[in-house]
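*Asks:*
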Amino acid sequence: MSSPDTGPGVSPRTRALAVMRRVGGHRRILPLTALLLRARTVRPAALFLARERLGHGGPYVYELRESGLKVVIRHGTGDVVTLGEVFHEHDYEPPGEVAERLSGARRIVDLGANIGLFGIFAAARWPLAEIVGYEPDPANAAIHERAIAANALSSRWRLTRAAAGAAAGTAAFIAGDVALSRLAVEGEALDSESARRIEVPVQDVLPEVAGADLVKMDIEGGEWAILADARFRESPPRALVLEYHPRLAPAGDPRSSVEAALELAGLRTRGIWHRADGHGMLWAWQS
1 MSSPDTGPGV SPRTRALAVM RRVGGHRRIL PLTALLLRAR TVRPAALFLA RERLGHGGPY
61 VYELRESGLK VVIRHGTGDV VTLGEVFHEH DYEPPGEVAE RLSGARRIVD LGANIGLFGI
121 FAAARWPLAE IVGYEPDPAN AAIHERAIAA NALSSRWRLT RAAAGAAAGT AAFIAGDVAL
181 SRLAVEGEAL DSESARRIEV PVQDVLPEVA GADLVKMDIE GGEWAILADA RFRESPPRAL
241 VLEYHPRLAP AGDPRSSVEA ALELAGLRTR GIWHRADGHG MLWAWQS
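With the numbering used here applied, the sequence shown corresponds to residues 1 to 287, in that order.
1. Using three-state DSSP, classify residue 274 as helix, strand or coil.
2. Looking only at DSSP bridge pairs, what is residue 148 linked to?
3. Can you list, in chain order, the residues of its chain whose CB lies under 7 Å from that of residue 168, leaving out five sequence neighbours each side?
4. Please name the residue or residues paired with residue 215 in a DSSP beta bridge.
5. Does residue 227 pass the burial test, meaning 16 or more other C-beta atoms within 10 Å, or should it be called exposed?
6. Taking buried to mean at least 16 other C-beta atoms within 10 Å of its own C-beta, is residue 181 buried or exposed?
7. Provide the residue(s) that pair with residue 61 in DSSP beta bridges, ordered along the chain.
8. For residue 296, which residues of its own chain have a beta-carbon under 8 Å away from its beta-carbon, when the five flanking residues on both sides are left out?
9. Given this structure, state the Cα-to-Cα distance separating residue 51 from residue 75, to the nearest angstrom.
10. Taking C-beta to C-beta, are residue 166 and residue 206 nearer than 8 Å?
11. Ordered along the chain, which non-local residues of its own chain (more than five positions away) have a Cβ less than 6 Å from that of residue 246?
12. Give me the Cα-Cα distance between residue 120 and residue 38, rounded to the nearest whole angstrom.
13. Count the C-beta pairs between the stretch 182 to 202 and the stretch 78 to 97 that are closer than 8 Å, then say yes if the count reaches three, no if not.
14. Which whole-angstrom value is the C-beta distance of residue 213 and residue 239, which I expect to be below 8 Å?
15. Quick check: the stretch 140 to 150 against the stretch 110 to 125, are there 3 or more CB pairs under 8 Å?
16. Would you kindly report the start and end of the unbroken alpha helix (DSSP H) that includes residue 209?
17. Is residue 158 helix, strand or coil when you go by DSSP?
18. Count the other CB atoms, across all protein chains shown, that sit within 10 Å of the CB of residue 222; report buried if there are 16 or more and exposed otherwise.
19. Could you have a look at residue 23 and say whether DSSP puts it in helix, strand or coil?
20. Exposed or buried, what is residue 170 when buried is set at 16 or more other beta-carbons lying within 10 Å of its beta-carbon?
21. Do you know offhand how far residue 276's Cα is from residue 161's?
22. What are the boundary residues of the beta strand (DSSP E) that includes residue 185?
23. For the alpha helix (DSSP H) that residue 132 lies in, which residues bound it at each end?
24. Roughly how many angstroms lie between the CA atoms of residue 269 and residue 136, to the nearest whole one?
25. Taking the alpha-carbon positions, what's the residue 140 to residue 73 distance?
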């Protein structure tokens, strides 16, 4: 039986595209399809693809097709996945109502700044904004600082090597897991060969959050302490793009918990994606 996009009367181009989508979605082809799409976000794409396929770790510098800014990527790591999320899937592109409110954004705070891919997106998307990032993983922070230098953006983009929290101090941290590095839970096992437990500074970021036009938060469960703080409810940012996690979440469904916390702060929400395992991403903004 023919499908609507391959049946009679459908143009050859539409039919070919439909076949390509189905082939690209096959479970054996999908990883290569995803890699090709990620490679297309940068120049030189062929070199990016070759290095990834051949296991040339890097880090390497590439130019983004959409903005001309530079990214620094470690091949064979989650950096490549995050590159696709930010610049192919455009997870951080704000919905229309939020985009209008952020058109003149002057201060952006990046909690869980990783290697700076969101910072690069934000630098191009909001050219008047000052960007402040927080990243405690030493390897991630080194790549992030290199990205700032590669784009000559140190005048308006800086990184603090500290974990984001609701109280200043120090904490155990599991480093070396690329985008999954995180504050450690007592007794938590290391789940990769590269992971190691270290002590990192924690900075109270609530004053920064209160003064921000936009906060991006992706801190592997550390978001719950910030969202539960009374200062967040009293002085939320104008807009927030948040990845939430079941890790360290209050009892119950993480999506319901995060939506309730944001509602208490007077923020409207719109989901970006949600998975059955409790992970998700959403936008929130002041009405």
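Each residue gets a CB set at the ideal place from its N, CA and C atoms; glycine is no exception.
*Replies:* Checking against the coordinates, here is how it stands:
1. strand
2. Bridge partners of residue 148: none, in fact.
3. 202, 203 and 204
4. 109 and 240
5. buried
6. buried
7. 72
8. Residue 296 falls outside the range modelled here, since the chain spans only 1 to 287, and no answer is possible.
9. 7 Å
10. yes
11. 254 and 278
12. 16 Å
13. no
14. 7 Å
15. yes
16. 206 to 210
17. strand
18. buried
19. In this prediction, residue 23 has a pLDDT of 38, which is less than 50 and means its spatial position is unreliable; what the coordinates show is noted afterwards. Residue state, collapsed to three classes: helix.
20. exposed
21. 33 Å
22. Run containing residue 185: none; DSSP gives neither H nor E here.
23. Per DSSP, residue 132 belongs to no alpha helix (DSSP H); it is in the beta strand (DSSP E), 130 to 134.
24. 28 Å
25. 10 Å
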